[in-house]
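Only one structure is covered here, and it is reproduced in the block below.
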Amino acid sequence: MTIKVIFYKTHMKLDDTDKAILRHMQNNGRITNLELAELVNLSPTPCARRVKRLEESGIIDKTVTILKPQMLGLNLIAMVGISMDRHTHDRFITFENAVKNMPEVLECMVVTGQTADFLLKVIVRDMQHYETFLLNKLTKLEGVVGVHSSFVLRDVICRTALDV
C-alpha cells in the first residue's frame, strides 16, 4: 500500500504582531480591519497588508461562521470508525470522495493505531437519522467492511482556535 503524506512547512516567520492578528481573527472572524488595527497597534493599511500576507501564505485558510448545531435540530454527534476491505490507493480515494458529499460528515481522517482506517465525525438530528445514514449511506460504500460508532455524551472542550 502506498500512502501519500503531505507535510506542510511554513517558510514565513511570524512576529508578535502577526501572532496577535491571528489570535484576534480566530476569536472573531467578523472583526473589521479598523478594529483589528487598533487592537494590534497598527494603522489600518499596514494591518490589512499583514492580513493579506497571512492569507496568501496559507496560514489563514478561510474565515467561517460557526453555528450552534442544537439550534438547527442537530443533536447527535457520533465518532465513527470505518474499516476497509483493502488498503489500496484507489479504494481509499473512492471512499474519501464519497464521504465528501455527505453533509452529515463534519470531519474525515485517515488514522492508524486502531482497527479503523478512517475516523469520521458525524452530526445528525437523532438516533433514527443516524440509523438511516448508517444503513443507507455508510455501509453501502464500496469497501466498507466494519463500522464502529461511539456517541458523544457532551463536549468538554471544543476549540477552533490554534495556539499561536
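Counting in UniProt numbering, the final residue of the sequence shown is number 164, and the numbers go up one at a time with none missing.
Note that beta-carbon positions come from the ideal geometry of N, C-alpha and C, so glycine has one too.
- The DSSP-derived three-state label of A161 is coil.
- With respect to the 8 Å criterion, S149 and V40 are not classified as neighbours on the basis of their beta carbons.
- Out of T45, R86 and Q26, the CA that lies nearest to the CA of R159 is found in Q26.
- In this structure, K140 lies away from M102, with their beta-carbon atoms at least 8 Å apart.
- Here the alpha carbons of V111 and T132 stand approximately 25 Å from one another.
- The straight-line gap separating the alpha-carbon atoms of T45 and D126 is approximately 48 Å.
- Taking the Cα of R86 as reference, the smallest distance to any Cα among V144, G113 and R50 is reached at V144.
- Under the three-state reduction of DSSP, S150 is assigned to strand.
- Taking a contact to require three or more Cβ pairs closer than 8 Å, the region 88–102 and the region 42–58 do not qualify as touching.
- Positions of the alpha helix (DSSP H) runs, each at least 4 residues long and wholly inside the region 40–116, are given as 44–57 and 89–100 in order along the chain.
- Per DSSP, the unbroken alpha helix (DSSP H) holding K19 starts and ends at D16 to N27.
- DSSP places L120 within a strand segment (E or B) once states are collapsed to three.
- Ranked by Cα distance from T88, the first of I123, A20, D117 and H24 is D117.
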